[in-house]
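Enquirer: Take this structure, written in structure tokens, and hold onto it; I'll ask about it next.
Chains as they are written, first to last, in the working numbering: chain A, 1 to 261; chain B, 1001 to 1261; chain C, 2001 to 2261; chain D, 3001 to 3261; chain E, 4001 to 4261; chain F, 5001 to 5261.
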């Protein structure tokens, strides 16, 4: 099976880092295809960066051969529902996958993320995914995303310290790493801390394999049905649904059911 | 004061319709500046349409003279937090404004919206805005957005019927109209139904005036601080924050406070 | 338009303070009519003070010429729903207005209020208004309401200190002032703190103007319908609905709809 | 032990009806003292009726010999927290008691109440008391409170019908009667329906006995501490705390703890 | 009336301790029958201990003469719903009873419990019982259950210290003791702390008396209906429902209602 | 890898049915080991059946060679947290797995389950797993668990009909099958309905593979730490932790962290 791992930011070295984490856990028959957005921010650290990242993610999702599943490799899960609309193959976000994984191996976790300004974004995801009972706290370290890549930065020490505080003060029993750029830290932190430390890239790849293995595909009735065919104008004219992917019929989706029922 | 009303879809006639609703309620000193997105879908009916609409909304927000406040004229409030990041002047969504207005004049309301497929989007907004106690139900009519513009369609009759069901079955005490394209229907429906019927365009314009009158501006500490300066690549290179609007300093926002404290 | 600002406590100097805040933001055509309760506590600091304050608020609401909108000037919003029942013109509470305003310019805020014993009242309002996602914490200063009026008290310094803690420890991005008696502090605190500081009196006045401008009136179907006509006995005999305001018909409100439908 | 059962409306025959329900369940050593408000509405069917009923309830609570516990006999629990402030003996509301009792003998219940317009009030209590998981639905019958007293009305048949719908459609496993005036119906309905039917008057009396038996009294630290001593003006001058009941010291309640700690 | 107090752990001295607390509050006509589980853990401090404790609780519930009500004397309320299924007489858990009692005499409480590892169990009960608005925090002391019985341990001092922190830091207004083994501490702590301190054993006994006094029995429609008759195999063959207690008919429970309706 | 699939009821034919569903989706290197409880009910349809099923599940979990992961094959997820305590290898419940899977391929789902009396159990799981935003409704069919096995019963037709109602009336976009005994129906229903239909056995097996692939194991700090060593008495004496599995040290788990920190 082929899983396309899309980095919504435009920093290829971060895609490589994610790719390593993905391949380290992928099953024998799984091919990880890496894709880096060609449009937008070099790192995603706020609502504006996120919103504009969707364009490049859509480009990568539609380009090339179709995959059996897609992973969006940014902890804010930008464009996740839009991506689910335009694909029938499963699409997973790494924040979503990490939090779900955490609930299978602990009853409480803390998220350790990057900049303070992104904390609200994580807190919104916690609520959207129904994780309020499990996530005790989102902890921002004020480490910038790209700082994680610098070999001589103190980013890792800061993250370790924050994880230790999470265990001691939040009484959390697992750690969710709140940035794709931390993917390579998970196992070392786990060793050090003695509790599960979850990297969303690995989690999303394995859950994608699982969904493909169950032959589950995104529902095409209702909220995630293919977009309706309609004109797109201006510099986005090329994104008109009918040009790019199957579209939904504008008729009411429940009608058909009533007929066949 | 100048309020820029941005239509995130590319259908100018709908912008005009919203403009009429806006001007009908604007205070004497308020100038309503209309802006129609030049990029993207002719109507917004799903996550994909929404996600891609943000680009054109950002363009319109940044273009021309700065306004004292901005209104995003689509009931999904697409790009609202991104817009708040890049502006210090207040930015309001019409779904947000309509729901808040409804809570001031009723203890329960129903939303009557367009396509069934957009119902989940409205339900998510209801939760994000803390309206679960007030909003009894989101009702989709399966009327397409652009159908609302056709003089001979039965769209209005369908919407009226749905509103009547909302009062009878949901026991709601007010109606929130779930599409900018219904802005012209509010007062006629109100007359007919005998309960408040709230159009988000009017609500957003009036609340924008209110915030400007209070001299309140979007907080630039934390979640809605200006984006960080950073490179943007590819076809979005022109959207790099430093080229377009003030940016936040990458240093920690709370540091400054600690010093001045 | 005429907005009547009712102080539910019996301290006229506090009404004047609120009046200044109201007039500072009122639109050119808005007349602010001040009214001080003639019955009850000199300051409202608990459930008993609140419950008994409703009588004087009702008196002021019904006395004199009708206004286009009413504001209840106490942060506990005492009697708000009762007031909405007996008026068709919009009625706003200052806690309600302040919190709603805060959500338009920030994604998180803290409330800084007076006595510790009133904290639970604010927390209940936070939940009633659906503000749990936005309000990070209610902070009591244990400053008594009337202390705020004394020029030589250290009340202001304590409030400033508490606001600074809210930004630093709660990571809040805006401050809601939890007492009508703090109305004059908002702009100075905002200057000092660098984040929006919201006074409910100003917010309520501006939102009242907004609702009147939208020609929205309180729903008279269901929960907020005029009270039913019925005898009132004893020292409250004069408060029998039929003597004071229009009343609802005892017949079922939905019947009429069914007929007209 | 002496339990004072206060009817917040001014209809003495309804007090008698409640008294019968109370005495039918009271323990041998329990004396039920009946008190009917002398001020306000003959029946309580809305926010205005409720708000004004607190005065008469306070009068009755303070008048005569102190009781070991108090019950407020109206399903909206009007003035409950104010009453708890001014008494140290336990005070119970009948809605509160009925819902708590229901959770001990079922995992789901429906409330069957009187007028549609009071449904929102019950729904707010459901949330305030944390009963959202247990209460499947509030069902209004549009039977007026005083209609319950008329021997030849069809009120009882309507209520029975609504209870049957609750079992069939809501899949509820118990019924909570949503009006003090239904107290005499509980056991007959229970017989007929085959599920627990809970009258709040009986529940409140028994829980009051239980709390007295545990020697529990209302906390006088924080939210329910005695009101602060302060002037009350005008027609409520006689309600100044210091004249009527012990008052709290204006000093900070936590200070004392710190000293003794 | 006869109330059977079942200790789900196998330590008879703890049953005696609970028995003293129960008898200290029982009404004159109430007989407290003590029962200690004969199977399972000597103390219950986790999910495994809890799950296995249900067997011994069921044994005690079914053994001997039937009681008018049952109390499960462990703060995790293990097997509560299973016990309600197999009995028609009311069954109460001590955590449930303590939390409900606390809401009648305070608006906020903290739970002070034993081992840190049991904190999640208490937090889950808080949510299941709808106590999130009232319970400010669950505080673990890391005192083991059986440590409470040792006269020379510092368990009591630790618990007192934790209670004092709860009042100071959580601003709680009452304390719920989170272990049956603390039943004898309640009144001394209450004296010391000046706020209500609630022991669940006393609360459950008194609420059991109250329910019996109301002649309320567990609903036998739906979730808590008697188990269906069916074979049980292996070492649990003796627990087949038909051998031990009345069973439900496998037909649909609502059918009967429809017929009689 | 070896995944042990434990049927907590004692009906071996149902274990076989689950085994087929498991093997149909298992990855090449995965061995599915089947285990049927030897103690307790032939089908699990209520709290009592559930509570007593834990014993046999524990027996099967501990018996024989350790597996790499465990699946509890009953939609009520009985004993899930107890099982997680006594194993370090991941343990998954099928209700949990099915609901999580559903959120990856839809934004709303309905659960179609067996007897009406088990509906509350499913609703409690929905809340415990944070699925209230995704699960629109739990639908009971009143089909008994063992009825599903009879080839000539109308169970399948009833289930199909209920699924169709779920799509039409709940507007759900996916179906979660609420019983292990429905595992063989999923793909046929999916074909017929045109939306994802999720069987929890398949989902749990694939997620178990995923967790093992990520090398995640259950957190042994806090809530899910191994049980403490302690005596077990009577007929459960053999279940004393120290005899069966590693145990936790009674010392405080956070101490160690503090030292190493």
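Positions of the beta carbon are idealized from the N, C-alpha and C atoms, including for glycine. From a predicted model like this one, the values you see are computed outputs, not experimental measurements.
If I follow the unbroken alpha helix (DSSP H) through residue 4128(E), where does it start and stop?
Expert: It spans 4119-4128 - the alpha helix (DSSP H) in which residue 4128(E) sits, taken as one unbroken run.
Enquirer: Who are the Cβ neighbours of residue 4187(E) in its own chain at under 8 Å, not counting the five residues just before and after it?
Expert: 4197, listed in sequence order.
Enquirer: Let me confirm a value: residue 3215(D) is counted as buried when at least 16 other C-beta atoms fall within 10 Å, else exposed. Which label applies?
Expert: So residue 3215(D) counts as exposed.
Enquirer: Are the CB atoms of residue 117(A) and residue 1225(B) within a distance shorter than 7 Å?
Expert: Yes; because the gap between Cβ atoms is below 7 Å, this pair is in contact.
Enquirer: Please list, in chain order, the chain F residues whose beta carbon lies closer than 7 Å to that of residue 4086(E).
Expert: Per Cβ cutoff of 7 Å: 5048.
Enquirer: Could you give the DSSP three-state label for residue 91(A): helix, strand or coil?
Expert: Correct three-state label for residue 91(A): strand.
Enquirer: In whole angstroms, what separates the C-alpha of residue 4115(E) from that of residue 4122(E)?
Expert: Residue 4115(E) and residue 4122(E): Cα-Cα distance of roughly 11 Å.
Enquirer: Give a yes or no on whether 7 Å exceeds the smallest Cβ distance from residue 4120(E) to chain A.
Expert: Yes, contact with chain A.
Enquirer: For residue 5041(F), is the beta carbon positioned less than 6 Å from some heavy atom of the ligand FAD?
Expert: Summarising the ligand content, the structure contains no ligands, and the ligand FAD is consequently not present.
Enquirer: Anything in chain E within Cβ reach of residue 2063(C), meaning under 9 Å, just list it in chain order.
Expert: Those within 9 Å of residue 2063(C) in chain E number zero; the least Cβ separation is about 34 Å.
Enquirer: Are there 16 or more other CB atoms within 10 angstroms of the CB of residue 2141(C), so buried, or fewer, so exposed?
Expert: Answer is buried; the Cβ neighbour count reaches 16.
Enquirer: For the beta strand (DSSP E) containing residue 5177(F), name the first residue and the last one.
Expert: Residue 5177(F) -> beta strand (DSSP E) spans 5175-5178.
Enquirer: In the structure shown, what three-state DSSP assignment does residue 5031(F) receive?
Expert: The answer is strand: DSSP assigns residue 5031(F) an E or B state.
Enquirer: When we look at the beta-carbon of residue 5261(F) and count the other beta-carbons within 10 Å, is it buried (16 or more) or exposed?
Expert: Annotation note: pLDDT 32 at residue 5261(F) (below 50); position unreliable, coordinate value reported separately. Residue 5261(F) is exposed by the Cβ-count criterion.
Enquirer: Select from 4202(E), 4010(E), 4083(E) and 4110(E) the residue whose C-alpha is nearest the C-alpha of residue 4183(E).
Expert: That would be 4202(E), whose Cα lies nearest to the Cα of residue 4183(E).
Enquirer: Could you tell me if residue 5230(F) is buried or exposed, where buried requires 16 or more neighbouring beta carbons within 10 angstroms of its beta carbon?
Expert: Per the 10 Å Cβ criterion, buried.
Enquirer: Please go through the same chain and pick out, in chain order, the residues whose beta-carbon is closer than 6 Å to the beta-carbon of residue 4143(E), but skip the five residues on each side of it.
Expert: For residue 4143(E), where only same-chain residues beyond five positions count, the Cβ hits under 6 Å are 4114, 4155 and 4158.
Enquirer: Quick one: grab the DSSP three-state call for residue 2038(C).
Expert: Note: residue 2038(C) maps to coil in three-state DSSP.
Enquirer: With distances taken between CB atoms, is the gap from residue 5079(F) to residue 5056(F) smaller than 7 Å?
Expert: Going by C-beta atoms, residue 5079(F) is not nearer than 7 Å to residue 5056(F).
Enquirer: Mapping the DSSP letters down to three states, classify residue 5254(F) as helix, strand or coil.
Expert: Confidence at residue 5254(F) is low in this model, with a pLDDT of 42, below 50, so its placement is unreliable and the value that follows should be read with caution. Correct three-state label for residue 5254(F): helix.
Enquirer: Nearest chain F C-beta to residue 3103(D) closer than 7 Å, yes or no?
Expert: Cβ-Cβ to chain F under 7 Å: no for residue 3103(D).
Enquirer: Do residue 5027(F) and residue 5200(F) have their CB atoms nearer than 7 Å?
Expert: Cβ atoms of residue 5027(F) and residue 5200(F): not closer than 7 Å.
Enquirer: List, in order along the chain, the chain E residues whose C-beta lies closer than 9 Å to that of residue 2136(C)?
Expert: Going along chain E, no residue has its Cβ under 9 Å from residue 2136(C), so there is no contact; the nearest lies around 15 Å.
Enquirer: Which same chain residues, not among the five before or five after residue 211(A), have their C-beta less than 6 Å away from its C-beta?
Expert: Here the set comprises 90.
Enquirer: In this structure, what does DSSP give as the bridge partners for residue 1138(B)?
Expert: According to DSSP, which records beta bridges pairwise, residue 1138(B) is partnered with 1111(B).
Enquirer: Compile a chain-ordered list of the residues in the region 2199-2212 of chain C whose CB is closer than 7 Å to at least one CB of chain B.
Expert: Within the region 2199-2212 of chain C, the residues whose Cβ lies closer than 7 Å to some Cβ of chain B are 2202, 2203, 2206, 2207, 2209, 2210 and 2211, listed in chain order.
Enquirer: For residue 1042(B), return the contacting residues in chain A, with the cut-off set at a CB-CB distance below 9 Å.
Expert: Going along chain A in sequence order, the residues near residue 1042(B) (Cβ under 9 Å) are 230, 231, 232 and 233.
Enquirer: Along the beta strand (DSSP E) that carries residue 1187(B), what are the first and last residues, could you check?
Expert: Taken as a continuous stretch (DSSP letters only), residue 1187(B) belongs to no beta strand (DSSP E), being part of the alpha helix (DSSP H) at 1186-1193.
Enquirer: Can you tell which of 5125(F), 5148(F), 5104(F) and 5138(F) has the C-alpha that lies nearest to the C-alpha of residue 128(A)?
Expert: Answer by Cα proximity: 5104(F).
Enquirer: Tell me whether residue 5044(F) sits in a helix, a strand or coil according to DSSP, three-state version.
Expert: Coil, per DSSP.
Enquirer: Sort 4134(E), 4060(E) and 4189(E) by Cα distance to residue 4161(E) and report the nearest one.
Expert: The residue with the shortest Cα to Cα distance from residue 4161(E) is 4189(E).
Enquirer: Can a CB atom of chain D be found closer than 7 Å to the CB of residue 2010(C)?
Expert: Yes, because at least one Cβ of chain D sits closer than 7 Å to the Cβ of residue 2010(C).
Enquirer: Let me check understanding here. Comparing Cα to Cα, which of 4076(E), 4016(E), 4053(E) and 4023(E) lies closest to residue 5233(F)?
Expert: Selected option, being the one with the closest Cα: 4053(E).
Enquirer: Nearest by alpha-carbon distance to residue 5213(F): which of 97(A), 19(A), 16(A) and 25(A) is it?
Expert: Checking every option, the nearest Cα to that of residue 5213(F) belongs to 25(A).
Enquirer: With distances taken Cα to Cα, identify the nearest neighbour of residue 2237(C) among 3042(D), 3222(D) and 3152(D).
Expert: Checked all of 3042(D), 3222(D) and 3152(D); the closest Cα to residue 2237(C) is 3042(D).
Enquirer: Shorter than 7 Å from the beta carbon of residue 168(A) to some beta carbon of chain B?
Expert: Not closer than 7 Å to any Cβ of chain B, the Cβ of residue 168(A) fails to qualify, so no.
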